[in-house]
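Single-structure report; data block below.
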Amino acid sequence: MTPGTSTLLLTAANILIPIAILTFASGFFPYKPFLPGLAEYEPLEYGPPPEAPFDKLVFMVVDALRSDFVYSGLSGFAFTQSLISSGAAIPFTAHATSPTITMPRIKAITTGSIPSFLDVILNFAESDTTSSLATQDTWLAQMKAKEAGKMVMYGDDTWLKLFPGMFDRADGTSSFFVSDFTEVDNNVTRHVPEELMHDDWNTMVLHYLGLDHIGHKTGPRGPNMIPKQREMDSIVRQIYEAIETEESLKSTLLVLCGDHGMNDAGNHGGSAPGETSPALVFISPKLKTITSGFESPASFEDEFQYYTVVEQSDIAPTLGALLGFPAPRNNLGAFITDFLPFWPNKNDQVQILLRNARQILNIVTATFPGFESDGASDDCHKASSSTDELACQWRSITQDLAEMKGGEQDINGWLIAVSKWLKQAQELMSSTASNYDIPRMFTGQAFASMAVLLGLVAAGPTLTRSVKTSSPFACIILLYGVMMFASSYVEEEQHFWYWATSAWLVLLLIKRTRIWVYPAFSIVPVFAVTLLMIRIARRWNQTGQKFAGEPDIARAFFSDHKMFLWGLVVVTYLWNIQFLSTNGFSRFPQTASAVIATALATASATFKVAFTGQDSPELMTGLIKTMADNEKGASLVARARVTFIAIGISLIYTLATGRGLPKRPNPTMKAVHYLLLLFLITQSRATNIPLFLLFEVLSHLLSDLDLNLVEITTTSLLLQYMSFFAFGGSNAISSVDLSSAYNGVSGYNVIAVGVLTFVSNWAGPIFWASSTNLMLLKLHESGHRNLLKEHLALLTVFVTSSLFFVMAACTLLRTHLFIWTVFSPKYLYSMAWSIGQHLGINVGLGSLLFWLGTKYTQR
1 MTPGTSTLLL TAANILIPIA ILTFASGFFP YKPFLPGLAE YEPLEYGPPP
51 EAPFDKLVFM VVDALRSDFV YSGLSGFAFT QSLISSGAAI PFTAHATSPT
101 ITMPRIKAIT TGSIPSFLDV ILNFAESDTT SSLATQDTWL AQMKAKEAGK
151 MVMYGDDTWL KLFPGMFDRA DGTSSFFVSD FTEVDNNVTR HVPEELMHDD
201 WNTMVLHYLG LDHIGHKTGP RGPNMIPKQR EMDSIVRQIY EAIETEESLK
251 STLLVLCGDH GMNDAGNHGG SAPGETSPAL VFISPKLKTI TSGFESPASF
301 EDEFQYYTVV EQSDIAPTLG ALLGFPAPRN NLGAFITDFL PFWPNKNDQV
351 QILLRNARQI LNIVTATFPG FESDGASDDC HKASSSTDEL ACQWRSITQD
401 LAEMKGGEQD INGWLIAVSK WLKQAQELMS STASNYDIPR MFTGQAFASM
451 AVLLGLVAAG PTLTRSVKTS SPFACIILLY GVMMFASSYV EEEQHFWYWA
501 TSAWLVLLLI KRTRIWVYPA FSIVPVFAVT LLMIRIARRW NQTGQKFAGE
551 PDIARAFFSD HKMFLWGLVV VTYLWNIQFL STNGFSRFPQ TASAVIATAL
601 ATASATFKVA FTGQDSPELM TGLIKTMADN EKGASLVARA RVTFIAIGIS
651 LIYTLATGRG LPKRPNPTMK AVHYLLLLFL ITQSRATNIP LFLLFEVLSH
701 LLSDLDLNLV EITTTSLLLQ YMSFFAFGGS NAISSVDLSS AYNGVSGYNV
751 IAVGVLTFVS NWAGPIFWAS STNLMLLKLH ESGHRNLLKE HLALLTVFVT
801 SSLFFVMAAC TLLRTHLFIW TVFSPKYLYS MAWSIGQHLG INVGLGSLLF
851 WLGTKYTQR
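The sequence shown begins at 1 in full-length UniProt numbering and counts up by one.
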């Protein structure tokens with residue numbers, strides 16, 4: 001095969017990657033348009049809709065309010081618990097389906113429907129307007145349509161993006177940009193007393209973010225958690241006492257709820273019990289007329305399912321009945337029957353559930369055109385499908401309604417039957433919420449398989465040159481592909497990379513025993529140090545699902561050994577200064593080079609200290625804390641910009657003056673590597689910075705092994721994936737780290753924030769891509785040719801193969817219980833790995849660095 005042909009095949013394979021990804025995604029994540037317009041009451045033989053017991057609503061969302069935060073004996077919600085005991089509050093656990101992040105949860109709460117999984121992406125793209133609910137039917141739109149008062153909102157500005165023009169008074173706060181625990185909530189609370197004195201509103205939405213921020217920083221058992229719960233409880237007290245005393249608020253309903261929960265690590269986005277179990281409390285003195293109270297605090301529940309468990313989508317139709325408007329048109333929620341006693345007249349109770357059932361029936365019949373609502377209703381359990389069984393049960397319900405004689409026993413039996421039908425219809429529609437476009441999914445897989453074949457042909461000569469050397473690479477592809485079909489292995493993928501990396505490095509060291517470059521030394525110390533570094537990296541951040549939140553180095557160890565952490569951070573910066581001053585700024589005297597390198601590192605370090613002082617104050621101690629306190633007045637945005645600009649100018653200067661240096665080998669690309677390393681350090685959490693020191697030592701050891709091309713590529717692949725998990729990554733949406741997404745950004749810029757978010761989450765893989773370039777350049781200097789093309793061909797084979805396996809798993813397991821909680825997030829991560837890391841970093845940045853390196857090494 002000619003070099004031109006292999007290059008063409010490799011280019012075509014990489015072009016097919018985004019085509020395959022987007023084609024498959026358009027079938028796997030179809031955009032589901034909602035019916036526009038507002039629902040209206042349809043006439044029933046029972047007369048007008050029942051009178052609503054409430055006319056005003058205070059909807060208080062506490063972000064990440066897990067059920068035990070309100071209900072358990074360790075809760076800080078003492079006043080709320082007293083309301084539950086007295087009967088002035090009715091508690092529930094509102095099940096939140098995955099993805100458990102704010103935007104899709106608000107959509108579920110307000111529309112009563114099941115949001116698309118693509119809302120995961122839209123949740124991070126804050127400026128996105130396609131996710132707006134402006135044209136969709138929600139309980140907010142229904143309350144506004146009543147024209148009984150103004151709409152006000154204070155808190156998370158996600159509400160303002162979802163409901164543009166909905167609120168008459170509002171003050172929004174960014175859920176990503178603010179990192180503190182107090183100011184973000186004080187900005188909400190300061191409006192509450194004034195609004196409680198106004199009588200011109202009928203809906204007030206409050207969305208508090210502080211508790212969620214505390215969870216992300218210190219976990220659900222952090223020292224700030226109980227004080228924050230008490231603060232939120234005091235807001236509940238303030239509103240409840242106003243409802244009791246203010247005449248204009250006497251018919252006001254207060255709803256306290258979480259949009260989602262959190263896991264033991266304080267994160268959310270997945271499907272762990274803690275993440276899917278937020279609290280839901282309806283509060284009003286009027287509730288004492290229908291309940292005598294509940295035991296509170298409640299006994300501990302390991303699965304966080306306290307009291308009655310309802311669906312978050314049930315909130316919409318329940319609010320409709322309680323406040324006097326029809327359920328939203330796309331609602332799949334079921335009215336919560338605990339509130340039926342508000343209407344003593346049984347005909348009113350029948351009407352409430354019948355309207356709810358007919359509204360959901362419209363969606364069922366639109367989804368299943370063959371749904372038979374007429375016909376026989378005998379032997380429903382013998383129906384051939386769940387859809388036919390549901391249709392049979394509906395026929396039975398309508399027949400019983402027509403034949404009902406009005407006796408209380410008959411009505412109660414019918415109410416139970418229709419409540420059961422509502423839940424079954426809800427379950428059926430939830431399981432079919434995504435109408436897969438199978439032809440598009442297969443087309444995407446076809447493009448991916450074509451990319452695999454083209455990559456294999458391009459990499460064929462390299463793979464067949466030494467079957468013995470290539471066999472571990474092939475084994476990695478096959479084992480990884482098979483692993484994608486098991487949900488538990490996908491959740492705990494990090495173990496595969498840790499063990500595979502350890503085994504591969506041991507194999508490399510054993511193969512090098514006879515040609516060890518330092519014959520005076522034994523292989524044993526190097527062997528031990530290498531495995532020790534992998535073991536330390538493995539324990540740095542506990543990730544995955546099974547062990548998330550367990551003690552690790554980054555959170556548990558460093559929280560008790562703060563000075564040791566900052567000592568390692570200082571050593572990492574000193575390492576960077578040493579190698580940057582040695583390899584960079586070569587046209588300056590050595591002393592001047594050291595001063596420049598020190599200035600760059602100081603700019604980065606002072607920014608990290610100041611940032612950590614605000615982002616993670618629990619890590620500050622001693623002199624570091626004093627430094628952070630002295631620099632509180634300085635703008636973090638300005639500091640970050642100074643650091644980035646200084647690194648950028650240094651990079652430009654290094655590249656512009658790198659050619660023709662007398663020093664051999666040319667140090668320019670090493671200087672570029674250490675400038676990139678400084679940027680990655682700046683974009684990483686303080687607790688992860690020492691990992692770069694560990695990886696630098698490992699990189700130097702590997703560089704001395706004189707690896708061949710296949711060995712370099714295999715090593716690079718393994719270490720890129722291993723480092724991603726070592727830095728705290730996983731296949732769960734909850735592990736996405738947004739703490740450094742706004743470094744140097746004063747407002748929302750989707751491109752800048754997107755790049756910074758990717759860099760901060762893929763810092764480890766980016767480091768190893770750069771380190772791999774240095775190994776390839778070293779091999780190039782020894783006379784090897786076509787290195788970059790062969791290296792990229794091997795990586796392309798792995799990326800396209802893994803992408804195909806993930807697509808196949810998502811297709812075959814599309815009816816699996818964990819399709820949306822495990823396999824769909826995995827596909828999103830595969831998109832990021834394929835487009836971001838492979839095409840953007842390995843192919844794009846890697847090719848550029850290698851090309852520059854070859855130019856600077858020319859004599």
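In this text, a Cβ means the ideal position worked out from N, Cα and C, and glycines have one as well. Please read all numbers here as calculations on a predicted model, not as lab measurements.
Sixteen is the threshold: since fewer than 16 other Cβ atoms of the shown chains lie within 10 Å of the Cβ of K468, the residue is exposed.
Contact check for M143 and N202: beta-carbon distance about 6 angstroms, within the 8 angstroms limit, so the pair qualifies. V745 and V753 do touch by the CB rule: their CB atoms are close to 6 angstroms apart, below 8 angstroms. Around the C-beta of W499, fewer than 16 other C-beta atoms lie within 10 Å, and the residue is accordingly described as exposed.
D137 carries a coil assignment under DSSP once its states are collapsed to helix, strand and coil. Note that the C-beta distance between A321 and N331 is not below 9 angstroms.
A279 and L256 have their C-alpha atoms roughly 8 angstroms apart. For G215 against V62, the beta-carbon gap comes to about 11 angstroms, at or over 8 angstroms, which does not count as contact. When beta bridges are read from the DSSP output, D171 appears opposite Y154. Nearest to K562 by C-alpha distance, out of I645, T543, L508 and I624, is I624. Counting only the Cα atoms, G87 lies some 26 angstroms from E195. Residues S419 of the same chain have their beta carbon placed closer than 7 angstroms to that of T337, with the five preceding and five following residues left out of the count. By a beta-carbon distance limit of 8 angstroms, A732 contacts G270. Their separation comes to about 4 angstroms. For C810, the enclosing alpha helix (DSSP H) has its first and last residue at L787 to L812. For C475, the enclosing alpha helix (DSSP H) covers residues V467 to M483.
If you check the CB distance, L779 and L707 come in under 9 angstroms. For Y208, the enclosing beta strand (DSSP E) covers residues W201 to Y208. Where I681 is concerned, the enclosing alpha helix (DSSP H) starts and stops at T668 to T682. According to the DSSP assignment, I649 belongs to the alpha helix (DSSP H) that extends over L636 to A656.
If the five residues before and after I766 are omitted, its C-beta is found closer than 7 angstroms to the C-beta atoms of L680, V759 and I841, all from its own chain and listed in chain order. With a cutoff of 9 angstroms on beta-carbon distance, T572 and R685 are scored as not near each other. Between S292 and I239, the alpha-carbon positions lie close to 21 angstroms from each other. Ranked by Cα distance from M669, the options N773, I712, E493 and I649 are led by N773.
Pairing A145 with I283 gives a Cβ-Cβ distance that is not under 9 angstroms. G764 and F805 do not touch by the CB rule: their CB atoms are close to 23 angstroms apart, not below 8 angstroms.
Assigned with DSSP and collapsed to three states, R355 falls in helix. If only uninterrupted beta strand (DSSP E) runs of at least 3 residues are considered, those enclosed by the region 293 to 326 are 308 to 311.
Secondary structure at R190: coil, using DSSP grouped into helix, strand and coil. In the DSSP assignment, V843 falls outside any alpha helix (DSSP H), carrying neither H nor E. In this structure, R221 sits away from F77, with a CB-CB distance that is not shorter than 9 angstroms.
Under DSSP, no beta-bridge partner is assigned to T821. The beta carbons of P326 and P49 sit closer together than 9 angstroms.
From the listed residues I416, F28, D379 and T2, the smallest Cα separation to A808 is found for F28. The distance from the Cβ of L718 to that of T501 is about 4 angstroms, consistent with a contact at the 8 angstroms cut-off.
Less than 9 angstroms separates the beta-carbon of D156 from that of G172. With distances taken between CA atoms, T23 lies nearest to G444 out of K608, L479 and G444.
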